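To keep things clear, I will list the structure first and then write my remarks on it.
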Amino acid sequence: MGAPAVGIPEDLVAGLRDADTVAVLTGSGISAESGVPTFRDAQTGLWARYDPMQLATPEAFERDPGLVWEWYAWRRELVEKAMPNPGHEALADLERYVTSFSLVTQNVDGLHRRAGSRNVVELHGNIWRSKCSREGVVVEPRADDTEVPPSCPRCAASLRPDVVWFGEALPADALGEAFEAAHSCDLFLSVGTSGLVQPAASLPFEALQAGAVVVEVNPDETPLTRHVQYTLRGSAGTVLPALVDSIR
Ligand code: OAD
């Protein structure tokens, strides 16, 4: 057992090694090193003039379903080109070391599962799934449907991405699993999230109240920073592999 990697406190290494139950919350920061812009990064190219906050809403879809569908099609192309990075892979490794491991993500890019993570709770849905805008059921467009957006094969209403938009409720089962994980963990990692959007931003505070050790991994300070026991100030792609290496 060598000395912990640079910047990982010894008592954190011991705490992670002894933890039976670990919960992790990730945000778009963990996908930044895969080339997926964080939610609050400036949009690029054609979409530079649009504010995500104005597009990821039921009102925007109501007003211009084709524009919103095209924006998600652009984001799907971005994500399709992206590969999981060492941060995603380190969390998939960590899951193998820990008795009970929950990975709660705000990201809709599906990169955690592509990296091999198994117990993934997608709080904000998944950009690769579509659902009927009327019935809410997950359904894929017919292969020959060239409409934008395509229509539901069951009821002909427009399809929409199966992601949570601003002002919408989160999937109840995912939310329940996320709070259960925060309440029952020994150690909680908050990685790559600005901690600005509820209810996800409450999860680390729930873990703190339940007596867990909370660790933040972020190159920048967030509203959570001053409350946690450990701040690992750096990028997920560098810090997480070092953290997992320290308990191998
Ligand atoms: P944000 O864009 O708000 O925050 C990204 C965070 O990642 C910031 O704190 C950055 O400092 C940090 N960051 C950037 N690069 C990083 C790196 N390489 N490693 C680690 N951290 C890095 O994205 P989120 O917090 O995920 O919700 O935003 C949460 C939610 O806001 C999104 O899921 C979305 C939006 O409303 C919905 O769409 C419903």
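Position 65 of the sequence shown, counted from 1, bears residue number 61 in my numbering, the numbering being contiguous throughout. Glycine residues also receive a C-beta, built at the ideal position from the N, C-alpha and C atoms. Bear in mind the structure is a predicted one, so any value in this text is a computation, not a measurement.
Option in the options with minimal Cα separation from residue i
{"i": "A69", "options": "E58, N103, P200, V144", "result": "V144"}
{"i": "V159", "options": "G83, D105, G121, P237", "result": "G121"}
{"i": "V32", "options": "L239, P80, A165", "result": "P80"}
{"i": "P157", "options": "T17, S24, F57, Q205", "result": "F57"}
{"i": "F162", "options": "C148, A174, P195", "result": "P195"}
{"i": "G132", "options": "C148, D141, W124", "result": "C148"}
{"i": "E73", "options": "A52, I123, S198, Q102", "result": "I123"}
{"i": "V18", "options": "E85, A232, H223, H179", "result": "H179"}
{"i": "P146", "options": "A86, V64, L51", "result": "V64"}
{"i": "V104", "options": "E136, R71, K77", "result": "R71"}
{"i": "A232", "options": "E85, A197, E164, R244", "result": "E85"}
Identified DSSP bridge partners for residue i
{"i": "N122", "result": "D158"}
{"i": "F184", "result": "A19, V210"}
{"i": "S147", "result": "S154"}
{"i": "V116", "result": "L99"}
For residue j and residue i, the rounded distance between their alpha carbons
{"i": "R92", "j": "G62", "result": "42 Å"}
{"i": "G111", "j": "V134", "result": "Before going further, note that residue 111 is Ala rather than Gly in the sequence given. Rounded to whole angstroms, A111 to V134 spans 24 Å at the Cα level."}
{"i": "A206", "j": "S186", "result": "15 Å"}
{"i": "D37", "j": "E55", "result": "22 Å"}
{"i": "V209", "j": "D140", "result": "52 Å"}
{"i": "A238", "j": "D169", "result": "33 Å"}
{"i": "L51", "j": "R244", "result": "43 Å"}
{"i": "E217", "j": "A153", "result": "44 Å"}
{"i": "G34", "j": "F175", "result": "A small fix is needed here, since residue 34 is Thr in this sequence, not Gly. Cα-Cα distance, rounded: 24 Å."}
{"i": "M49", "j": "P167", "result": "20 Å"}
{"i": "E173", "j": "A165", "result": "15 Å"}
{"i": "R45", "j": "S113", "result": "35 Å"}
{"i": "R109", "j": "D60", "result": "31 Å"}
{"i": "G191", "j": "E6", "result": "27 Å"}
{"i": "L12", "j": "C128", "result": "42 Å"}
{"i": "Y226", "j": "W67", "result": "37 Å"}
DSSP three-state assignment for residue i, whether helix, strand or coil
{"i": "Y226", "result": "strand"}
{"i": "F97", "result": "strand"}
{"i": "V235", "result": "helix"}
{"i": "S129", "result": "coil"}
{"i": "G198", "result": "A quick correction: the sequence has Ser, not Gly, at residue 198. Residue state, collapsed to three classes: helix."}
{"i": "V193", "result": "coil"}
{"i": "V240", "result": "helix"}
{"i": "V135", "result": "coil"}
{"i": "E76", "result": "helix"}
{"i": "I4", "result": "coil"}
{"i": "D89", "result": "helix"}
{"i": "A52", "result": "coil"}
{"i": "G25", "result": "helix"}
{"i": "V274", "result": "With the chain covering -3 to 244 only, the question about residue 274 has no answer from this structure."}
{"i": "G106", "result": "coil"}
{"i": "F175", "result": "helix"}
{"i": "G163", "result": "coil"}
{"i": "T218", "result": "coil"}
{"i": "V32", "result": "coil"}
{"i": "D14", "result": "helix"}
Sub-8 Å separation of residue i and residue j beta-carbons
{"i": "T22", "j": "T189", "result": "yes"}
{"i": "I4", "j": "G83", "result": "no"}
{"i": "R130", "j": "C151", "result": "yes"}
{"i": "L171", "j": "L204", "result": "no"}
{"i": "L220", "j": "P200", "result": "yes"}
{"i": "D241", "j": "A15", "result": "no"}
{"i": "L99", "j": "V75", "result": "no"}
{"i": "V213", "j": "L8", "result": "no"}
{"i": "A78", "j": "S30", "result": "yes"}
{"i": "L155", "j": "S126", "result": "yes"}
Within-8 Å CB hit, residue i to chain C
{"i": "T17", "result": "No chain C is part of this structure, which consists of one protein chain only."}
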